[in-house]
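K.L.:
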């Protein structure tokens with residue numbers, strides 16, 4: 042039994058202790074991203090809260106910092122628009138890396154549902170925004186943060202927040218863009234797990250309900 046416990050402990054490393062771990066959370070200005078950030082702060086993590094709404098992020102970081110015993114900030118805001126051009130996103134993530142000197146984990150939480158529209162009425166513009174946020178944005182964040190982790194020799198983690206709507210059993214009417222984008226995110230995360238395992242970067246996904254993700 043003791044031997045099994047040691048094996049489990051080894052598998053949990055380096056996350057058996059959250060104290061001082063640096064976590065970047067996208068879509069942190071509301072919903073799950075807000076909750077993730079608050080709870081990570083409570084565990085002793087340093088939080089980089091990223092989203093478009095900088096005022097909301099500042100309020101979030103104030104809450105985390107005010108509840109911390111640290112004399113220096115443990116949470117910082119990062120303005121990040123996942124629909125922006127790749128060089129803009131890359132520059133923002135470089136800034137994120139320098140906030141605490143490194144990043145131990147990335148949580149790809151940002152997502153855009155869009156309106157409930159049938160495939161016959163959905164506009165090209167809305168389809169593109171859903172995919173740019175939910176798929177391309179997650180890919181770019183993973184690419185840039187993952188590259189920095191590799192270069193720094195960090196055994197990091199990349200976590201993608203998906204949805205049951207991306208599963209075959211979770212199909213629903215009038216969600217063609219959202220559901221298919223989450224299915225794409227699941228495949229993206231699965232392939233990244235294979236690609237990045239050789240760099241000691243673990244990659245997982247969490248499938249949550251649509252209600253939970255709002």
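Residue numbers (this note's numbering): 42 to 255. Each residue gets a CB set at the ideal place from its N, CA and C atoms; glycine is no exception. Here the structure is a predicted model, which means the values were calculated and not measured.
Compute the beta-carbon to beta-carbon distance between residue 117 and residue 144, rounded to the nearest angstrom, for a pair I have assumed lies under 8 Å.
P.N.:
Going by Cβ atoms, the distance from residue 117 to residue 144 rounds to 12 Å, so no, they are not a contact pair.
K.L.:
Classify residue 83 as buried or exposed, calling it buried when 16 or more other Cβ atoms lie within 10 Å of its own Cβ.
P.N.:
The residue in question, residue 83, is exposed, as its Cβ has fewer than 16 Cβ neighbours within 10 Å.
K.L.:
List the endpoints of the continuous beta strand (DSSP E) containing residue 118.
P.N.:
Per DSSP, residue 118 belongs to the beta strand (DSSP E) from 116-120.
K.L.:
Please report the residue range of the beta strand (DSSP E) in which residue 184 lies.
P.N.:
No beta strand (DSSP E) contains residue 184, which is instead part of the alpha helix (DSSP H) from 178-193.
K.L.:
Within a Cβ cutoff of 6 Å, which residues of the same chain sit near residue 222, ignoring the five residues on either side of it in sequence?
P.N.:
Same-chain partners within the cutoff: 171, 172, 175, 176.
K.L.:
Given this structure, state the Cα-to-Cα distance separating residue 90 from residue 98, to the nearest angstrom.
P.N.:
The alpha-carbon atoms of residue 90 and residue 98 are separated by roughly 6 Å.
K.L.:
Taking the continuous alpha helix (DSSP H) assigned at residue 224, which residues delimit it?
P.N.:
217-237 is the extent of the alpha helix (DSSP H) around residue 224.
K.L.:
Short of 6 Å in beta carbon distance, which residues of its chain neighbour residue 157, apart from the five on each side in sequence? Order them along the chain.
P.N.:
Contacts found: 215.
K.L.:
Which word fits residue 217, buried or exposed, when buried means at least 16 other C-beta atoms lie within 10 angstroms of its C-beta?
P.N.:
Its Cβ being crowded by 16 or more others within 10 Å, residue 217 is buried.
K.L.:
With residue 67 as the anchor, note down where its alpha helix (DSSP H) starts and where it stops.
P.N.:
Counting along the chain, residue 67 falls outside any alpha helix (DSSP H), though it belongs to the beta strand (DSSP E) covering 63-67.
K.L.:
Between the segment 158-166 and the segment 136-143, do at least 3 Cβ pairs fall closer than 8 Å?
P.N.:
The answer is no - the segment 136-143 does not touch the segment 158-166, with fewer than three Cβ pairs under 8 Å.
K.L.:
Is residue 202 closer than 9 Å to residue 146 when the C-beta atoms are compared?
P.N.:
No, these two residues do not count as a Cβ contact at 9 Å.
K.L.:
What residue range is occupied by the uninterrupted alpha helix (DSSP H) comprising residue 81?
P.N.:
Residues 72-83.
K.L.:
Could you give the DSSP three-state label for residue 161: helix, strand or coil?
P.N.:
If DSSP states are grouped into helix, strand and coil, residue 161 belongs with coil.
K.L.:
Below 8 Å on the Cβ atoms is my contact criterion, and I expect residue 149 with residue 231 to pass it. Report the Cβ-Cβ distance as a whole number of Å.
P.N.:
That pair is no contact at about 13 Å.
K.L.:
So what's residue 156 in DSSP terms, helix, strand or just coil?
P.N.:
Correct three-state label for residue 156: coil.
K.L.:
Do you know how far the Cα of residue 85 is from the Cα of residue 72?
P.N.:
So the alpha carbons of these two residues sit roughly 21 Å apart.
K.L.:
Alpha carbon to alpha carbon, what distance is there between residue 103 and residue 184?
P.N.:
Near 29 Å, if we compare the C-alpha coordinates of residue 103 and residue 184.
K.L.:
Could you compute how far the alpha carbon of residue 63 sits from the alpha carbon of residue 78?
P.N.:
Distance between the alpha carbons of residue 63 and residue 78: 11 Å.
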